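A.B. asks:
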Amino acid sequence: MPTLNICGVPVSFPFEPYESQLVYMEKVVRALESKQNAMLESPTGTGKTLCLLCATLGWRVHRKKQLKSQSSKKKLQYEDAATEDNEEANEETNKLPKIIYASRTHSQLKQVVKELKQTAYSPKIAILGSREHLCVHPEVSKMRGTQQNHTCRLAVRAQKCTYKLGYDQYVKSKKNIANLPIMDIEELVTTMERRETCPFYLSRDMLTSADIVFMPYNYLVEPFVRNSLGVTLENAVLVFDEAHNVESVATEAASYSLSSVDIQGCIREVDECHNLIVSGRVHPGEDTYLSSQSATTLKNLLVEILAGLNTFPLNDKGGCTKPGSFIFDFFKQFNISFDTAPMVTTITEQVIEAMSDYAQSNPRNSKLDHLLTFLRTIFRDKENHQAMAKQYRVHIQEENAPRTRQTSNRPVNSTMRMFHYWCFHPGVAMNELVENNVHNIILTSGTLSPLDTTIKELGIPFPITLENSHVIDPSQVWVGVVGVGVTGKKLNASYESRNSPDYVLELGNTLVNITRVVPNGLLVFFPSYSILDMCISQWQAQGSNIWERLQGLKSIFVEPKNRVEFADVVQSYHACIAANPNGAIFFAVCRGKVSEGIDFSNENGRAVVITGLPFPPTKDPKIVLKKTFLDNLVTPPGEMKLSGNQWYVQQASRAVNQAVGRVIRHRHDFGAIILLDERFAFHQQKGSLSKWLQPFVQIIPSYGAAHGALTRFFKHNKEQATAAAQSAKSATKPTKSIDTKGFVPPKKITNLPAPPVEKPADVIASQVAIGDGQTFVPPTELSGPAKKSSTDAPVSLELLVHQARTLLSSQDMTAFVTYMRDPKNHLDEIEAILAPHPTLQQRIAPLLPPRNVAQAMYQLQRLKKRKHPGAALATTTAVANPQCSICFDIVQTTSAPPCGHLCCVRCWKKLELPDHTIQCPVCKGSFHVGQFTPIVAKRVE
Numbered sequence: 001m002p003t004l005n006i007c008g009v010p011v012s013f014p015f016e017p018y019e020s021q022l023v024y025m026e027k028v029v030r031a032l033e034s035k036q037n038a039m040l041e042s043p044t045g046t047g048k049t050l051c052l053l054c055a056t057l058g059w060r061v062h063r064k065k066q067l068k069s070q071s072s073k074k075k076l077q078y079e080d081a082a083t084e085d086n087e088e089a090n091e092e093t094n095k096l097p098k099i100i101y102a103s104r105t106h107s108q109l110k111q112v113v114k115e116l117k118q119t120a121y122s123p124k125i126a127i128l129g130s131r132e133h134l135c136v137h138p139e140v141s142k143m144r145g146t147q148q149n150h151t152c153r154l155a156v157r158a159q160k161c162t163y164k165l166g167y168d169q170y171v172k173s174k175k176n177i178a179n180l181p182i183m184d185i186e187e188l189v190t191t192m193e194r195r196e197t198c199p200f201y202l203s204r205d206m207l208t209s210a211d212i213v214f215m216p217y218n219y220l221v222e223p224f225v226r227n228s229l230g231v232t233l234e235n236a237v238l239v240f241d242e243a244h245n246v247e248s249v250a251t252e253a254a255s256y257s258l259s260s261v262d263i264q265g266c267i268r269e270v271d272e273c274h275n276l277i278v279s280g281r282v283h284p285g286e287d288t289y290l291s292s293q294s295a296t297t298l299k300n301l302l303v304e305i306l307a308g309l310n311t312f313p314l315n316d317k318g319g320c321t322k323p324g325s326f327i328f329d330f331f332k333q334f335n336i337s338f339d340t341a342p343m344v345t346t347i348t349e350q351v352i353e354a355m356s357d358y359a360q361s362n363p364r365n366s367k368l369d370h371l372l373t374f375l376r377t378i379f380r381d382k383e384n385h386q387a388m389a390k391q392y393r394v395h396i397q398e399e400n401a402p403r404t405r406q407t408s409n410r411p412v413n414s415t416m417r418m419f420h421y422w423c424f425h426p427g428v429a430m431n432e433l434v435e436n437n438v439h440n441i442i443l444t445s446g447t448l449s450p451l452d453t454t455i456k457e458l459g460i461p462f463p464i465t466l467e468n469s470h471v472i473d474p475s476q477v478w479v480g481v482v483g484v485g486v487t488g489k490k491l492n493a494s495y496e497s498r499n500s501p502d503y504v505l506e507l508g509n510t511l512v513n514i515t516r517v518v519p520n521g522l523l524v525f526f527p528s529y530s531i532l533d534m535c536i537s538q539w540q541a542q543g544s545n546i547w548e549r550l551q552g553l554k555s556i557f558v559e560p561k562n563r564v565e566f567a568d569v570v571q572s573y574h575a576c577i578a579a580n581p582n583g584a585i586f587f588a589v590c591r592g593k594v595s596e597g598i599d600f601s602n603e604n605g606r607a608v609v610i611t612g613l614p615f616p617p618t619k620d621p622k623i624v625l626k627k628t629f630l631d632n633l634v635t636p637p638g639e640m641k642l643s644g645n646q647w648y649v650q651q652a653s654r655a656v657n658q659a660v661g662r663v664i665r666h667r668h669d670f671g672a673i674i675l676l677d678e679r680f681a682f683h684q685q686k687g688s689l690s691k692w693l694q695p696f697v698q699i700i701p702s703y704g705a706a707h708g709a710l711t712r713f714f715k716h717n718k719e720q721a722t723a724a725a726q727s728a729k730s731a732t733k734p735t736k737s738i739d740t741k742g743f744v745p746p747k748k749i750t751n752l753p754a755p756p757v758e759k760p761a762d763v764i765a766s767q768v769a770i771g772d773g774q775t776f777v778p779p780t781e782l783s784g785p786a787k788k789s790s791t792d793a794p795v796s797l798e799l800l801v802h803q804a805r806t807l808l809s810s811q812d813m814t815a816f817v818t819y820m821r822d823p824k825n826h827l828d829e830i831e832a833i834l835a836p837h838p839t840l841q842q843r844i845a846p847l848l849p850p851r852n853v854a855q856a857m858y859q860l861q862r863l864k865k866r867k868h869p870g871a872a873l874a875t876t877t878a879v880a881n882p883q884c885s886i887c888f889d890i891v892q893t894t895s896a897p898p899c900g901h902l903c904c905v906r907c908w909k910k911l912e913l914p915d916h917t918i919q920c921p922v923c924k925g926s927f928h929v930g931q932f933t934p935i936v937a938k939r940v941e
């Protein structure tokens, strides 16, 4: 594996990195060296996880050597004080930061561990999870929450857990832990269960000696979870991968809600505990506060809180909002404050433990768990509670009550009160991390833009930032805004339009046609489950054949809301893609499970369709309060202010960016992104797309144009893939010389009048978009074909191939040679490969086959003839293989100004000014169209 020198730090990487990967790793190392926070955006498929792992682990190895060297120097200075030296050496070792690597889910962490196995590093790792994820005990593993935790502790204390006893034996030899291979959480559970060793306790043992610790990032931002796991943040490097959700996770970690149904459940549990104590079936320990009397007191307190919540006056819409500080006033009337809350939470926890002892054979979730978390969230910071309360709002709302086994006798339309304590500033949780003296924080994702507003929201500084480019070639991605459907009707999924039968019909017919052109897997994202359900219902309705037509083209899969069913559906989708040449469609939802962390690389996702902007529900009380909260924030002079509307728009754009990230998953992948909503053409929405994506966005005027472009895109990439596969097979075979007979470089016409005085034309020329899907070449770079004299000899293709090898990567070189050999291909198909090398591009252009762009410049002359009947048509000049100086098309007919430089008709027309003058993009001369000489092609055999 190559070793890179990044900011003086040796970093091993599995292969030669791309430029964007080097830039990314350099930012990571700079952040680690300077102990500064970093926010790094890099598109999906650029290898950011691998870069992140290699850069952080490489830096840690380097830092370890530095500390060891410092310790050795100190030891030489104090040879006579061995004991003191050892203490100092240990102190240096303790200064080595631990890396805490967090991602959204254990599923995503599994992919991270998979990437780690590909590196040259073999760090000691720990994977943290709750008992819910790690317990292998046949009975305790079925429990949840506090009950599961307490039952586990009881079994361990009584030495009745076989797996904990196995763990005790296993860790007696520290070599066992030191020699453990790198495993993800599933591998850890399977391996330890087979060895009858508890993975839960083992993971905590591994935590103390681990170089890198993996955990879901809610474990980090939720202080109660973090403390219960024994995670120490001091001097730790905190890495948040897939960090586009950190804002919401941070606010949710600092928020909590409690319903009247929850409180009723708490009353039942406490009452049951009281009865069990009185009957002697539950025996509270001597060191607890729990007794029949304390249980009665807690029950009475809960009854009062329930009555206070149910009788609280609401507005005519069934809700009421108060400042965050109101929460303390509400509980003060029940004598619950920072002084008394610890006693209430302690007795509550002891009731849960006592009930766990009794109900061990009948596991169930405890409502007292909710109460415990709610009170701990409110009364967690006595010193700063008034300042923190400013970041909160209290909202009491009347809602429909869910029906459960315990409430099955309740009327169907019964309601309940919800008591929400909502945090609206993620900085509350993020600042709590910083206050633990962490080394630094690194946030990374493919969808963090706009960075300035994200930093503003999180409330902590991020001096080091990056919005990275993609490693793919421009020809590998097609992005189009298609605002009209197949019959020309507008596609707009706004609230006013989306319920229209005409819109749903137009969308369905458009998807049918897209399904015809997209090979293999097609992902279609809807703004919400309700819109998805409505569209499917109407397409399946009698009188509509849309669903039937879709099924005739591809197998259909729909994202389920149930987490258990989801894994099976994804697996079935992948299996269908592998088995069915027609592929499949996956209907999904933005912000759903499909859009988050699922790999749809290669044939599994050749195109992503976004059917609308997934704005959060406009009337949702939490959304309304968040927007109001941001609008009312007082921003110091000179600081950027994030308005409520800006935040609202960002929520939609981030969900879109996350969904479109499913389509390009690695360097050699390709796919199309189809935005089926006219609003994506608006400046605000287009500018909200990921930065790397914006240069590729095209506004397509009609569905027909989009269909044709998609057909060409997939045809081209299929040919690319086939050629690459064939080249790989014949890589060891000698390359034959290429016959260039019949292709002559274009010539400058020398028998025309001299050009007039030059006039600046930079602004006009630079603003012209030349050709369909072609890149404009600045006039200053046009020194190749258009300036060749009639005596110039053809350029040797073999020489150009040799030159190309020194400039292009092996992958691009293979594609380049393939296209040069095939006379059916044209310049625009290899333009992306050669784009970074304009000189080489211009020299190769004359050797390419001619393209069929035959538009007569006679139109200009005939227009002149009509306006001035007495005028004569200019004499036609025959030129061998005339070629456009801008788009390099070899044309059949065109015109040339007196300077003699050629362009095709299309390019001349785009350069023509309202006064019918044209400024030559090569020599900058200004000419009237009447001065142009018609040119026709003369083939040279």
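Read in UniProt numbering, the sequence shown has 678 at position 678, and its numbers run on one by one without any break. Where a beta carbon is used, it is the ideal one built from N, C-alpha and C, also for glycine. Just so we're clear, the structure is a prediction, and the values are computed from it rather than from any experiment.
Restricting to runs no shorter than 4 residues, where is the alpha helix (DSSP H) found entirely within the region 496 to 550?
C.D. replies: 501 to 517, 529 to 540
A.B. asks: Taking the alpha-carbon of Ile531 as reference, which of Val504, Phe15, Gly605, Lys114 has the nearest alpha-carbon?
C.D. replies: Locating residue 531 in the sequence shown gives position 531, counting from the first residue. That would be Val504, whose Cα lies nearest to the Cα of Ile531.
A.B. asks: Go to Asn580, then tell me how far its beta strand (DSSP E) extends in each direction, as first and last residue.
C.D. replies: Taking the first residue of the sequence shown as position 1, residue 580 is located at position 580. Per DSSP, Asn580 belongs to no beta strand (DSSP E) and is neither H nor E.
A.B. asks: So Lys322 is in the beta strand (DSSP E); what residue range does that whole segment cover?
C.D. replies: Here residue 322 refers to the residue found at position 322 of the sequence shown. Element bounds for Lys322: 319 to 323.
A.B. asks: I'd like to check one pair, Ile212 with Thr56: are the Cβ atoms closer than 9 Å?
C.D. replies: Translated into the one-based positions of the sequence shown, residue 56 becomes position 56. Translated into the one-based positions of the sequence shown, residue 212 becomes position 212. Result yes, Cβ atoms of Thr56 and Ile212 sit closer than 9 Å.
A.B. asks: Short check: CB of Ala126 to CB of Ala210, under 9 Å?
C.D. replies: Position 126 of the sequence shown, counted from the first residue, corresponds to residue 126. Position 210 of the sequence shown, counted from the first residue, corresponds to residue 210. Contact flag set, yes.
A.B. asks: Excluding the 5 residues preceding and the 5 following Cys51 in the sequence, name in chain order all residues of the same chain whose CB lies nearer than 6 Å to its CB.
C.D. replies: The residue labelled residue 51 in the question sits at position 51 within the sequence shown. Non-local C-beta neighbours of Cys51 in its own chain, meaning closer than 6 Å and more than five positions away in sequence, comprise Gln21, Tyr24, Met25, ordered along the chain.
A.B. asks: Please give me, in chain order, every unbroken run of the alpha helix (DSSP H) with length at least 4 that falls completely inside the region 585 to 632.
C.D. replies: Listed in chain order, they are 621 to 632.
A.B. asks: Confirm, please, whether the CB-CB distance from Arg204 to Leu220 is below 9 Å.
C.D. replies: Looking up residue 220 in the sequence shown gives position 220. Looking up residue 204 in the sequence shown gives position 204. Taking 9 Å as the Cβ cut-off, Leu220 and Arg204 do not qualify as a contacting pair.
A.B. asks: Return the bridge partner residues of Arg665 from the DSSP annotation.
C.D. replies: Position 665 of the sequence shown, counting from 1, holds the residue named residue 665. DSSP lists no partner for Arg665.
A.B. asks: For the alpha helix (DSSP H) containing Cys907, list its first residue and its last residue.
C.D. replies: Your numbering for residue 907 matches position 907 in the sequence shown. Residues 905 to 911.
A.B. asks: Who pairs with Gln397 in a beta bridge, going by DSSP?
C.D. replies: In the sequence shown, residue 397 corresponds to position 397, counting from 1. Answer is Gly319, Met418.
A.B. asks: Taking 8 Å as the cut-off, does the region 550 to 560 touch the region 569 to 589 (at least 3 CB pairs, one atom from each stretch)?
C.D. replies: yes
A.B. asks: Have a look at the DSSP bridge pairing and note the partners of Phe557.
C.D. replies: Along the sequence shown, one-based indexing puts residue 557 at 557. DSSP, once it has assigned bridges, lists Phe586 as partnering Phe557.
A.B. asks: Could you give the uninterrupted runs of the alpha helix (DSSP H) lying entirely in the region 141 to 200, keeping only those of 4 residues or more?
C.D. replies: 145 to 157, 162 to 170, 174 to 178, 185 to 194
A.B. asks: Grab the span of the alpha helix (DSSP H) containing Ser688 for me, first residue to last.
C.D. replies: Taking the sequence shown and counting its residues from 1, one reaches residue 688 at position 688. Boundaries of the alpha helix (DSSP H) around Ser688: 683 to 688.
A.B. asks: Thinking C-beta only, is Gly687 closer than 9 Å to Thr44?
C.D. replies: Working through the sequence shown from its first residue, we reach residue 44 at position 44. Working through the sequence shown from its first residue, we reach residue 687 at position 687. No, the Cβ-Cβ distance between Thr44 and Gly687 is not below 9 Å.
A.B. asks: Within its chain, find whatever has a CB closer than 6 Å to the CB of Cys198; leave out the 5 residues flanking it on each side and keep chain order.
C.D. replies: The count along the sequence shown starts at 1 and reaches residue 198 at position 198. So the list reads Tyr163, Lys164, Tyr167, once near-sequence residues are dropped.
A.B. asks: What is the C-beta distance between Tyr201 and Val249, in whole angstroms, given that I count them as a contact (C-beta under 8 Å)?
C.D. replies: By 1-based counting over the sequence shown, the position of residue 201 is 201. By 1-based counting over the sequence shown, the position of residue 249 is 249. The pair is not a contact, with the Cβ atoms about 27 Å apart (cut-off 8 Å).
A.B. asks: If you reduce the DSSP assignment to three classes, tell me which class Ile460 lands in.
C.D. replies: In the sequence shown, residue 460 corresponds to position 460, counting from 1. In the structure shown, Ile460 sits in coil (DSSP, three-state: anything other than H, G, I, E or B).
A.B. asks: If I measure Cβ to Cβ from Thr251 and keep anything under 6 Å in the same chain, skipping five residues before and after, which residues do I get?
C.D. replies: Working through the sequence shown from its first residue, we reach residue 251 at position 251. Here the set comprises Cys423, Pro426.
A.B. asks: Could you have a look at Thr56 and say whether DSSP puts it in helix, strand or coil?
C.D. replies: The sequence position of residue 56 within the sequence shown is 56, counting from 1. Reduced to three states, the DSSP call for Thr56 is helix.
A.B. asks: Residues in the same chain with beta-carbon distance under 8 Å from His274, minus the five sequence neighbours each way, listed in chain order, please.
C.D. replies: Working through the sequence shown from its first residue, we reach residue 274 at position 274. These residues qualify, in order along the chain: Ser292, Ala295, Thr296, Lys299.
A.B. asks: In chain order, which beta strand (DSSP E) runs of at least 3 residues are fully inside the region 202 to 231?
C.D. replies: 212 to 216
A.B. asks: For Asn492, list the residues DSSP reports as bridge partners.
C.D. replies: Here residue 492 corresponds to residue number 492 of the sequence shown, with the count starting at 1. The secondary-structure analysis by DSSP pairs Asn492 with nothing; it has no beta-bridge partner.
A.B. asks: Give the DSSP bridge partners of Val239, in chain order.
C.D. replies: Numbered from 1 along the sequence shown, position 239 holds the residue referred to as residue 239. Note: Val239 sits in a beta bridge opposite Tyr101, Ile442.
A.B. asks: Val351 to Leu290, Cα distance in whole Å?
C.D. replies: The residue given as residue 351 occupies position 351 in the sequence shown. The residue given as residue 290 occupies position 290 in the sequence shown. Those two C-alpha atoms are separated by around 7 Å.
A.B. asks: Would you mind sorting Ala588 into buried or exposed? The rule is 16 or more other CB atoms within 10 Å of its CB.
C.D. replies: By one-based count along the sequence shown, residue 588 stands at place 588. Under this definition Ala588 is a buried residue.
A.B. asks: Look up Ser107 in the DSSP assignment and give the residues it is bridged to.
C.D. replies: Here the question's residue 107 lines up with position 107 in the sequence shown. Its beta-bridge partners do not exist; DSSP assigns none.
A.B. asks: Using the C-alpha atoms, what's the distance from Asp339 back to Phe328?
C.D. replies: The count along the sequence shown starts at 1 and reaches residue 328 at position 328. The count along the sequence shown starts at 1 and reaches residue 339 at position 339. The straight-line gap from Cα to Cα measures roughly 12 Å.
A.B. asks: Whose C-beta lies closer than 7 Å to the C-beta of Asn602 among residues of the same chain, with five residues either side of it excluded?
C.D. replies: One-based indexing of the sequence shown puts residue 602 at position 602. The residues are Asp669.
A.B. asks: Can you list, in chain order, the residues of its chain whose CB lies under 6 Å from that of Pro223, leaving out five sequence neighbours each side?
C.D. replies: Along the sequence shown, one-based indexing puts residue 223 at 223. Within the same chain, Pro223 has no close Cβ partners at all.
A.B. asks: Comparing C-alpha positions only, which one of Cys923, Gln542, Leu40 sits nearest to Leu902?
C.D. replies: Start at 1 with the first residue of the sequence shown, and residue 902 comes out as number 902. Residue Cys923 is the option with its Cα nearest to Leu902.
A.B. asks: Report the rounded CA-to-CA distance for Val649 versus Val656, giving the unit in angstroms.
C.D. replies: Looking up residue 649 in the sequence shown gives position 649. Looking up residue 656 in the sequence shown gives position 656. Their Cα atoms are separated by approximately 11 Å.
A.B. asks: Mind checking which residues open and close the alpha helix (DSSP H) that includes Trp647?
C.D. replies: As a position in the sequence shown, residue 647 is number 647, starting the count at 1. Where Trp647 is concerned, the enclosing alpha helix (DSSP H) stretches over 644 to 660.
A.B. asks: Please list the terminal residues of the continuous alpha helix (DSSP H) segment that includes Glu432.
C.D. replies: If you number the sequence shown from 1, residue 432 lands on position 432. 427 to 434 is the extent of the alpha helix (DSSP H) around Glu432.
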